[in-house]
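Colleague: Protein sequences appear in the order of chains B and C. Here the numbering used here is used: the first residue of the first sequence is 2, the next is one more, and so on. Here the numbering used here is used: the first residue of the second sequence is 5, the next is one more, and so on. C-beta: ideal position from N, C-alpha, C; glycine also. Following this message is one structure expressed as structure tokens.
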Amino acid sequence: MDNRQKEINNLKDYKYGFSTDIENIQAPKGLNEDVIKFISNIKKEPEWMLEFRLKAFERFKVLKEPDWQKPKFPKIDYQDLYYYSAPKSMKDKPKSLDELDPKLLETYKKLGIPLQEQARLNGIAVDAVFDSVSVATTFKDELTKQGIIFCPISEAIQSHPELVKKYLGSVIPTSDHFFATLNSAVFTDGSFVYIPEGVRCPMELSTYFRINASNTGQFERTLIIADKGSYVSYLEGCTAPMRDENQLHAANVELIALDDAEIKYSTVQNWYPGDQDGKGGIYNFVTKRGLCKGKNSKISWTQVETGSAITWKYPSCILKGDNSVGEFYSIAITNNHQKADTGTKMIHLGKNTKSKIISKGISAGNSDMTYRGLVDISSKAKNSTNYTQCDSLLMGNKCGAHTVPYIKNKNSESNIAHEATTSKISEDQLHYCQQRGLNPEEAVGLIVNGFCKEVLQQLPMEFAVEAQKLVGISLEGSVG
Amino acid sequence: MKEQLQKDFYNSIKNLSLSQKDIEIKKFCLDNFIDKGFPNKKEEDWKFSDLNQIIKNNIGELSFYNDQASTNKVNTSVFVDGLEHNKIVFINGRIEKIDFEYEKKDQIEIIDQSETINEFENSNSLSDLNNAFTNKCFKILVKKSYQLAKPLIIYHTTNSKIWSKNINLRLNFELDRDSSLRLIDLFNDTSEKNFLNIFYNFELKENAVLKNYKVDKFENKNIKYSFNNIDQDKNSISETFILSSGSNFSKNEINCNLNGIYASAFVNGVFSLNNDKHHEIRSIINHLTENTKSYQLIKSVLEQSSKAVYQGKIFVNSDAQKTDGYQLSKAILINKESEFNAKPELEIYADDVKCSHGSASGSLNEDSIFYLMSRGLSYHQSRELLINGFLLDVVEKITDSEIKNLIKNMLGIKE
């Protein structure tokens with residue numbers, strides 16, 4: 002057996018499927034005001050934060066679970082979930098990594114995210130979120146020197162209340178849709194980033210999410226603020242243990258870019274997708290929204306979606322500032338019984354705004370893939386342009402690929418162009434690759450990577466390599 | 005509205021000799037409609053055109069009863085000159101004339117189907133309204149291997165006798181093996197503020213060819229909804245062309261089922277709108293078996309505060325391998341207030357297919373205007389030339405040369 006084959010065999014099964022046996026503190030099961038007060042209390046939150054949560058909960062009570070999405074799922078019993086779960090050792094926060102529970106360190110090492118800084122070859126600052134709490138943030142000192150704030154959001158609520166108060170809920174208000182509102186009420190932890198005026202963040206910032214406890218929903222909240230003229234590149238990765246039941250993950254991510262600022266947000270999502278018969282897996286219902294608030298600002302989303310039983314998310318840009326730019330690059334791969342309904346919204350409000358959407362969908366096995374997107378150019382968004390390209394690739398005749406774009410143009414000086422294609426890998430290409438000595442699986446891997454290249458190029462280097470491998474692995478067994 | 009509907013319904017059926025069972029069925033449809041009301045923007049298919057609101061704003065109170073006892077005089081001046089054709093004339097929703105003077109009488113059969121109701125997949129409350137209130141319905145059967153010598157023009161004429169009325173009409177067509185039919189729907193309205201609700205059902209057998217041209221060109225203040233259901237057997241061809249221009253509001257829906265192999269469907273449309281008109285085309289092409297083909301091209305020129313909507317869906321069933329589906333919509337927005345909305349949709353469950361769509365909207369290309377002006381044309385001439393060229397693309401898709409010329413003349417496009 003050659004090395005490559007060995008590697009593939011190693012990776013073939015979901016390699017992050019282990020769970021860590023660790024003592025947990027959990028909130029009582031169910032969703033009510035007491036649980037919200039419990040979460041707020043255990044995080045030692047100020048009064049205004051609790052009010053924010055309760056206001057969202059009031060709103061949540063009258064909302065109904067949406068049902069317009071393509072992948073249908075059995076009704077979720079929101080009273081049968083734990084809304085807070087944290088390793089016991091985190092109750093009194095460890096002051097440094099040395100005090101951190103060795104079991105936790107071990108877990109992250111297994112995941113390939115060593116938290117000890119010296120173990121890193123290249124400087125990426127990591128915030129690791131384990132179930133409901135952030136367990137460690139690396140490279141803090143170096144960042145602080147530049148005035149950059151990178152810490153768990155629960156910490157930011159305490160130490161930088163003025164920033165959190167000003168921006169939290171300004172892009173995704175408490176009165177938003179069902180899952181976003183649920184998150185506003187019960188969010189537990191996540192990352193907070195503030196880049197001061199004129200600072201170019203010297204390293205990639207990264208959060209690593211891990212769901213461990215069973216029957217737990219993970220509700221993290223990320224808030225990134227790029228002040229005038231600043232730049233930040235942020236990465237997000239996720240995994241979960243293999244379990245037979247479906248687990249809910251409903252996160253909110255808010256990005257705010259002020260004048261001349263740029264935020265680049267990359268995600269490699271590899272939650273547990275369920276087994277080959279579609280049993281188990283994560284429901285990934287995430288709300289991600291960026292606001293280009295200032296002039297000449299830019300927000301760029303890149304996502305590689307390979308995991309989750311159901312992925313249902315639309316990272317969006319609101320282009321409010323004049324000359325602002327929004328970008329969306331996406332690869333979504335579904336195999337076996339996975340389902341995805343993903344895409345983006347580009348809302349043009351300011352003059353001379355630009356947006357670009359590149360979406361690549363690949364479905365294999367019995368899976369179902371939907372691209373759903375909105376491009377809305379308002380009557381005041383003079384001289385705006387949008388370019389959209391969404392391509393789908395089908396492997397086998399049991400899967401589906403769908404495209405549902407909504408295109409609204411209310412401004413005669415603006416241009417919108419949209420293209421979509423659906424096809425399969427052509428016999429000619431396969432034949433050519435095989436003739437050059439590749440076996441069918443390698444050939445498919447090569448062609449798919451070529452198909453995705455436009456998006457993979459957008460990822461930071463370290464991620465790109467990982468993502469490229471992931472693309473190959475996700476499609477294992479779908480050929481032939 | 006409920007009392008009005010019920011009152012008008014009993015007035016309508018009073019004059020008809022219907023069996024108790026038929027009345028029950030019609031009553032059932034009426035109750036369905038009362039339950040659902042006119043479609044509004046909460047329904048996905050009506051997201052961009054809230055018919056309920058449009059009727060409220062443009063018409064206000066509608067009445068549903070039409071006295072169809074007395075005949076209307078057919079005004080021959082509306083007939084198309086210079087093209088020999090067969091005629092069906094509707095005046096205010098009443099069939100006044102059916103005339104197949106150019107055809108062999110034994111090859112075309114006209115069957116009264118007033119007692120049936122239409123049931124379509126994915127239909128809406130308007131189909132219930134139609135079923136409840138249509139009192140006459142004919143089926144036109146073109147017999148095996150008969151190809152009509154001349155086109156059939158259906159004149160939809162309304163005059164000032166009606167006001168704030170809802171008119172429902174329904175026609176069924178069956179094209180037997182190897183037959184062909186060219187059909188033009190021509191709208192001529194001198195009335196205002198009425199709501200026309202038209203349902204056609206086409207059944208195309210093996211090798212049959214249907215060409216349907218819908219021409220709504222003349223300015224009027226009516227609101228129109230038209231639904232075409234087309235079922236196609238092996239090797240059949242359907243071609244639909246829509247010129248959407250005259251009415252205040254108009255929505256054309258095409259639902260096409262490609263049931264037999266090698267069946268193909270073509271849908272082409274032109275929106276040429278001004279003032280505050282609001283038009284929509286919605287097409288659903290269902291590829292249900294292998295080796296079927298569809299092609300759609302929609303172009304719009306939007307002036308003043310007009311609004312055009314195109315919703316097109318290509319559905320490919322898992323059996324429908326080797327499907328070829330194509331869809332393109334393009335719009336030129338002339339004025340600031342004009343608006344173009346599109347929802348081109350693909351839903352695909354088979355892997356060996358070639359499906360694509362494109363959509364583009366924007367302003368007139370300033371560079372092209374500059375180029376033409378530098379060649380000595382005025383701004384106005386350059387603009388006209390560019391718009392004509394843009395629309396000509398769609399008109400050229402019409403495969404029947406006689407009708408192509410007729411439509412070119414109507415649009416004022418010179419070559």
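From I234(C) to N261(C), what distance separates their C-alpha atoms?
Modeller: 6 Å
Colleague: For D392(B) and I332(B), I'd like the C-alpha separation in whole angstroms.
Modeller: Here the alpha carbon of D392(B) sits roughly 10 Å from the alpha carbon of I332(B).
Colleague: What would DSSP say about H338(B), mapped onto helix, strand or coil?
Modeller: coil
Colleague: State the DSSP-derived secondary structure class of K140(C), mapped to helix, strand or coil.
Modeller: coil
Colleague: Rounded to whole angstroms, what is the Cα-Cα separation between E118(B) and F140(B)?
Modeller: Because the pLDDT at E118(B) is just 45, under 50, the model does not fix this residue reliably, and the value given afterwards should be weighed accordingly. Roughly 7 Å separates the two Cα atoms.
Colleague: Measuring straight from C-alpha to C-alpha, what distance separates Q385(C) and Y229(C)?
Modeller: Taking the Cα positions, Q385(C) is about 35 Å away from Y229(C).
Colleague: Could you compute how far the alpha carbon of L394(B) sits from the alpha carbon of L457(B)?
Modeller: 16 Å
Colleague: Verify the CB distance criterion: does Q424(C) have a CB-CB separation below 8 Å to chain B?
Modeller: For chain C, the structure presents residues 5 to 419; residue 424(C) sits outside this window and is missing.
Colleague: Buried or exposed for M50(B), please, with buried defined as at least 16 other CB atoms from any protein chain shown within 10 angstroms of its CB.
Modeller: buried
Colleague: Exposed or buried, what is S385(B) when buried is set at 16 or more other beta-carbons lying within 10 Å of its beta-carbon?
Modeller: Counting C-beta atoms within 10 angstroms of its own C-beta, S385(B) has 16 or more neighbours from the protein chains shown and is therefore classed as buried.
Colleague: Output needed for A153(C): all residues of its chain with C-beta closer than 8 Å, excluding positions within five of it in sequence on either side, in chain order.
Modeller: Y106, E107
Colleague: Classify Y375(C) as helix, strand or coil using the three-state DSSP reduction.
Modeller: helix
Colleague: Kindly list the residues whose CB is nearer than 7 Å to the CB of Y299(C), restricted to its own chain and excluding five residues on each side of it in sequence; keep chain order.
Modeller: F270, Y330
Colleague: Entirely within the region 6-39 of chain C and at least 4 residues each: give me those alpha helix (DSSP H) ranges in chain order.
Modeller: 6-18
Colleague: Would you check if the region 166-185 of chain C and the region 211-231 of chain C touch, i.e. whether three or more CB-CB distances between them fall below 8 Å?
Modeller: yes
Colleague: Is the beta carbon of Y388(B) less than 8 Å from the beta carbon of K357(B)?
Modeller: yes
Colleague: Within 10 angstroms of its Cβ, does H178(B) collect 16 or more other Cβ (buried), or is it exposed?
Modeller: exposed
Colleague: Would S475(B) count as contacting chain C if we go by Cβ distances under 8 Å?
Modeller: No, no contact with chain C.
Colleague: Measuring only the C-alpha atoms, how far is G264(C) from E178(C)?
Modeller: 16 Å
Colleague: Cβ closer than 7 Å: which chain C residues qualify as neighbours of T407(B)?
Modeller: The question names Thr, but residue 407(B) is Tyr in the sequence shown. Those are K347, listed as they occur along chain C.
Colleague: Give me the residue from Q117(C), Q236(C), F124(C), V357(C) with the minimum Cα distance to M396(B).
Modeller: V357(C)
Colleague: What does S413(B) reach in chain C if we use C-beta pairs closer than 7 Å?
Modeller: In chain order: L337, I338, N339, K340, S342, S367.
Colleague: Identify every run of the beta strand (DSSP E) within the region 267-345 of chain C, keeping only runs that are complete inside it and at least 3 residues long; order them along the chain.
Modeller: Whole beta strand (DSSP E) segments, 3+ residues: 268-277, 282-291, 297-306, 311-320, 328-337.
Colleague: Mark L471(B) as exposed unless 16 or more other C-beta atoms lie within 10 angstroms of its C-beta, in which case mark it buried.
Modeller: buried
Colleague: Report the neighbours of M204(B) on chain C: residues whose CB is nearer than 8 Å to its CB, in chain order.
Modeller: Correct list: empty, because the minimum Cβ distance to chain C is about 41 Å.
Colleague: With H, G and I counted as helix, E and B as strand and the rest as coil, what does DSSP make of K215(C)?
Modeller: strand
Colleague: By the criterion of Cβ-Cβ separation under 8 Å, what are the contact partners of M396(B) in chain C?
Modeller: Chain C residues near M396(B): D355.
Colleague: Cβ atoms of K352(B) and K321(B): under 8 Å apart, would you say?
Modeller: No, Cβ-Cβ distance for K321(B) and K352(B) is not below 8 Å.
Colleague: Below 8 Å on the Cβ atoms is my contact criterion, and I expect V305(C) with L395(C) to pass it. Report the Cβ-Cβ distance as a whole number of Å.
Modeller: Confirmed, about 7 Å.
Colleague: Would you call the region 354-374 of chain B and the region 316-330 of chain C in contact, with 3 or more CB pairs under 8 Å?
Modeller: no
Colleague: What residues from chain C crowd round I348(B), counting only those whose CB sits closer than 7 Å?
Modeller: By Cβ distance, chain C contributes nothing, its closest Cβ being about 14 Å from I348(B), past 7 Å.
Colleague: Excluding the 5 residues preceding and the 5 following N297(B) in the sequence, name in chain order all residues of the same chain whose CB lies nearer than 6 Å to its CB.
Modeller: D261, N324
Colleague: Tell me whether the beta-carbon of V254(B) lies closer than 8 Å to the beta-carbon of T223(B).
Modeller: yes
Colleague: Between Y238(B) and A364(C), what straight-line distance do the alpha-carbon atoms span, to the nearest angstrom?
Modeller: Correcting the residue type first, residue 238(B) is Gly in the shown sequence and not Tyr. A straight-line Cα-Cα distance of about 36 Å links G238(B) and A364(C).
Colleague: List the residues of chain C whose Cβ lies closer than 8 Å to the Cβ of K425(B), in chain order.
Modeller: D355, D356, V357
Colleague: Nearest chain B C-beta to G273(C) closer than 8 Å, yes or no?
Modeller: So, not an interface residue.
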